[in-house]
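Residues in the sequence shown are numbered consecutively from 10, following the numbering used here. Each residue gets a CB set at the ideal place from its N, CA and C atoms; glycine is no exception. Below is one structure; the comments refer to it alone.
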Amino acid sequence: MAKDKLQGITVGKKNFSEWYEQVVLKCGLADKRLENSRGFYGYPPWGSKILREVERLFESELIEKEHSPIRTPTAIPVTLLEKEKEHATGFAPEVFMITKGHGGKDLEIPKVLRPTGEAVMYPYFSYWIQTYKDLPFKVFETRPSFRAERTNAIFPLLRTAEFFWIESHTAQVSNDDADKQVKEDMTIFKKVVEDNLAIPFMLFKRPEWDKFAGAEYTCAYDSPLPDGRISQIGTTHNLGLNFSKPFDVTYVDKNNKKQFCHQTSFGMGVSKILGMLAAIHGDDNGLVLPPKVAPIQIVIVPIYYKDDEKEAALRLANSVKSKLKKFRIKIDSRDNYSPGWKFNEWEMKGVPIRIEIGPKDVEKNQVVLVRRFDRNKEFIPISDLSSKTIEKKFEEITELMFAKAEENFKRAKADSFEGILKEINAGIHLVEIPFCNSQKCVEKLKEETIKVRGVQLFANGEKSVEESVETSRKAAKGKKCAVCGKPAKEIVWVARQY
Ligand SMILES: [Zn+2]
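Structure below.
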């Protein structure tokens, strides 16, 4: 597909994988065509603009919660990565290594392209944090990171070798403060991803064998794809003292004693979220973007047949545009394309609202407003058109998008292995089961490419991660593991994952 015309989606969403690949490329989200670069993508203007908006939403929430932006190096000396043993071992299979430097000479100390920031950010923490007055220390970095994925696992935006994310890291006085930080991360994630992007997710405490390498515990956000699989789009970890000890992240307390910081980290997968926006909200005609992140929120298409009609339609279009100038709004006045062609193009790109202005509308001093989500059409008198009416429409659209996505998020329960397979093969995203937590049962599920996602968090008004695990353990009492039939220890959720 080197120089093909990138017009029109030619396959329906029910053929998810092919549809998705077409949407990503043809709607200008990401481009995988660079030679010898599997897993590395270019992001054309449309996709980059959406990415920036997603980043801005997270960044403004983080800043609101008193996190500060920082920048740290992309390449980490292996000597630093190896300081936390579990961390180094966990990431070893996934790191790209830089071994040569100036003049093609071997580097004395090879560097890795950072798979995550802990090992390169925390040495700076040790320089930048002095006393208890510097705590909590809360920072974030918006940047690409790199993981060497198996080539057959690569899937546009959802599983890539280079990905974009925001990683937020904190240093705290106590473990309680770290737990509170993890909960604050969850409110940030919910506000951006559910309330603004209309993407539903479930929150889990990952099982011990699947937690972040070096963490005390890991909480993760899983979202549903139309083909029945799920994707992890964010994580937040309580790191305990596991990194502050090897990296000497310490502070002097009120009694002038040196103490280790309790730490947390929080990853928001922004390029994955770009993929999820396409996968969850898109339809047979292309993207459907939530208004908050659409690069163009309103497109005005003037419709005319004669010169004087053109002039009148454009005049009205301009006055509408200046009325609504607080939004990202564009008048598509290109002469060489028909209105129908323009409609298709902006629908494919997912612009949330289209305003049509034809000769009849000029006459009646009104516009036709069409929303991309469901093509609902209304006639609105110019006098009723204001920033407020549009804001209300954007809210309505976002709520409708979320309701639809939530409806398509399929969950079920099972109490036998056959039951699990039946549900998962029928396209159920997440299945709740009693589980014994044995590696044998984990492996048996893995053979069917099913993974344990963990215990659901805060489902019944629990106040802490610990309390959620307690609830799950109580509920498992007297139940049998759905895989092996032995006594269950916890109620967990399982799924197929990208
Ligand atoms: Zn079992």
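Selected residue, minimal CA-CA separation from residue i, among the options
i	options	result
V310	F105, I340, T140	I340
E512	P300, V371, R65	Shown here, the chain extends from 10 to 507; a query on residue 512 therefore has no answer.
K369	Q190, A321, F256	A321
A414	E456, P209, Q272	P209
P119	M410, N374, I107	I107
D262	T140, C36, R65, E427	T140
G17	I362, G295, V201	G295
V376	Q181, I399, K189	I399
E225	N251, M211, A207	N251
N264	S392, C450, Q448, K142	K142
S61	E44, L38, F49	Inspection of the sequence shows that residue 61 is occupied by Arg rather than by Ser. Of E44, L38, F49, the residue nearest in Cα terms is L38.
F146	K401, H111, T273	T273
Y313	N446, G470, V371	V371
D316	D344, I442, K192, A180	D344
A468	E456, E441, Q448, K449	E441
K200	P255, T179, M277, K189	M277
S57	K281, M130, S395, E217	K281
E416	E408, H96, E475	E408
Q241	K431, A222, R215, F256	R215
P54	L66, C36, E427	C36
K335	G99, K397, W350	K397
W218	N45, Q448, E44	Q448
Any chain D beta carbon closer than 8 Å to residue i
i	result
K351	Of the chains in the structure shown, none is chain D; there is only one protein chain.
Residues sharing a beta bridge with residue i, DSSP
i	result
F100	Its beta-bridge partners do not exist; DSSP assigns none.
A421	V440
W218	Per DSSP, none; premise fails for W218.
V503	V440, V461
A180	F146, Q272
G249	Q272
A84	L122
G51	D40
T151	I175
P390	Q375
D292	G295
Close beta carbons around residue i, own chain, < 6 Å, minus the five adjacent residues each side
i	result
A157	E103, F105
I305	R337, K339, V360
A128	I85, L89, L90
D194	T245, F275
P233	I239, F418, H438
G249	E225
F25	P235, D236
V182	L144
Contact set for residue i: own chain, Cβ-Cβ below 8 Å, skip 5 residues either direction
i	result
G21	W28, D293
M10	Low confidence applies here, because M10 scores a pLDDT of 46, under 50, leaving its location unreliable; read the following figure in that light. L34, R42, listed in sequence order.
R505	G237, R238, I239, I433, T458, I459, K460
R47	K41, T160, I163, A170
Y133	I79, T81
E68	P78, F149, T151, I175
N385	V379
M410	A207, H290, V297, P299, F382
L454	I429, K460, V461, V492, V503
K220	Y226, T227, H246
S328	I391
T480	A468, N469, E471
Cutoff 7 Å; reference residue i; Cβ partners in own chain excluding five residues on either side
i	result
S342	P311, L323
F155	F105, L122, R123, P124, A170, E171
E64	T151, I175, V279
L71	F149, S177, I197
E30	P165
A484	I500
Y260	I138, Q139, T140, Y141, D143, L144, Q268, C270
V466	Here the sequence assigns Leu to residue 466, which means Val is not the residue at that position. Taken in chain order, the residues that qualify are L212, F213, K214, C228, V474, S477.
S425	A491
Cβ-Cβ separation, residue j to residue i (assumed contact under 8 Å), whole Å
i	j	result
I429	V258	In fact, because the Cβ distance is near 42 Å, the residues do not count as touching under 8 Å.
I364	I307	6 Å
F198	G243	6 Å
K489	K495	7 Å
V501	V478	About 10 Å separates the two Cβ atoms, so there is no contact after all.
L167	G284	5 Å
E499	N446	6 Å
A287	V451	That belief does not hold up - the Cβ atoms of A287 and V451 are roughly 32 Å apart, past 8 Å.
H96	A303	That belief does not hold up - the Cβ atoms of H96 and A303 are roughly 39 Å apart, past 8 Å.
S253	K332	Going by Cβ atoms, the distance from S253 to K332 rounds to 55 Å, so no, they are not a contact pair.
Any non-hydrogen atom of ligand 2 within 7 Å of residue i CB
i	result
S447	No copy of ligand 2 appears in this structure; the ligands present are ligand 1.
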